[in-house]
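Numbering (this note's numbering), first residue to last: 2 to 300.
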Ligand SMILES: Nc1ncnc2c1ncn2[C@@H]1O[C@H](COP(=O)(O)OP(=O)(O)O)[C@@H](O)[C@H]1O
Ligand SMILES: [Mg+2]
Ligand SMILES: [Zn+2]
């Protein structure tokens, strides 16, 4: 210790006491946390960066040893997982209007006819059970077939909400696609140098869970039937779950895909769930318009 400092400390016993206290506490606990915790960390441990900077005072005299380093905050893995889920939601193809739709918020009271409310409740329960038992359904390659003849009864919404839940709960890999888009994506590859049909078909064959929206909206050519068969046969053979929405029953698919091979496969792949024959779109449009009427014309 320098001469001046020593003299100063001797003449100031309180300063000496403080310096000794600091030395003792650093020796018993030489780790100092440099990061100031903030609300940006969900656990309030780091500053939101996912890392905590620490200084190890016991190493301060060692040469070529870093006495400051960062360690992972417990929120780091949580944040990484959240980013992975956000990315999966983003890439899934779930329609934007249903990106926040949950199974819980599927409102069965919107259907006006009592019988339809009951049908909706059964469908909702099946959706809840599917989500809860997804590991088993996945293992057996069993999906769902949401059917109602009427448009706007909630088929796409319910399928979307199932997809949202599976990504959030199981980090499932999902491709949500309208059946017409599936076909056109394959067709688009013809004559293209960058992509080929087999690659596109392979992505739909191999994705963990495929959701085909509006299956059989219109009659199919045998070529289109072939593409669908190609995808479905692979998924059936490999026990991979698929969810369909359609305004044709599984049995009725035979009229649209006359080869008879598509409906037989789908029959094995998915449990048929009836949706109410009632459109909620009208109710929704009425409420929405009422809101805008208020804006335009006042109460
Ligand atoms: N049970 C429900 N709860 C809340 N909104 C619903 C429900 N069913 C349908 N909707 C709304 O009605 C509209 C039509 O639903 P959609 O799923 O597109 O019908 P579908 O696929 O049967 O033609 C959507 O805007 C959706 O938000
Ligand atoms: Mg739909
Ligand atoms: Zn943190």
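Even glycine gets a Cβ: it sits at the ideal position worked out from N, Cα and C.
With 7 Å as the limit between CB and the heavy atoms of ligand 2, the residues that fall short of it are 152, 156, 157, 214, 215, 246. Under the three-state reduction of DSSP, residue 70 is assigned to strand.
Residue pairing from DSSP places residue 247 in a beta bridge opposite 148, 216. Taking the Cβ of residue 217 as the reference point, every heavy atom of ligand 1 lies at 8 Å or farther away. Per DSSP, reduced to three states, the secondary structure at residue 6 is helical. Here the C-alpha atom of residue 99 lies approximately 56 Å from the C-alpha atom of residue 29. Counting other Cβ atoms within 10 Å of its Cβ, residue 107 reaches 16 or more and is therefore classed as buried.
When 279, 291, 245 are compared, the shortest CA-CA separation from residue 121 is found for 279. Shown here for residue 282: same chain residues with a beta carbon closer than 8 Å to its own, the five before and five after excluded, namely 152, 153 in chain order. About 30 Å separates the beta carbon of residue 170 from that of residue 217, a gap too long to meet the 8 Å contact definition.
Just so you know, the alpha carbons of residue 295 and residue 102 end up roughly 26 Å apart. Between the stretch 40-49 and the stretch 74-81 there are three or more C-beta pairs closer than 8 Å, enough to call the two in contact.
As a beta-bridge residue in DSSP terms, residue 33 pairs with 56.
C-alpha of residue 157 to C-alpha of residue 115: approximately 22 Å in a straight line.
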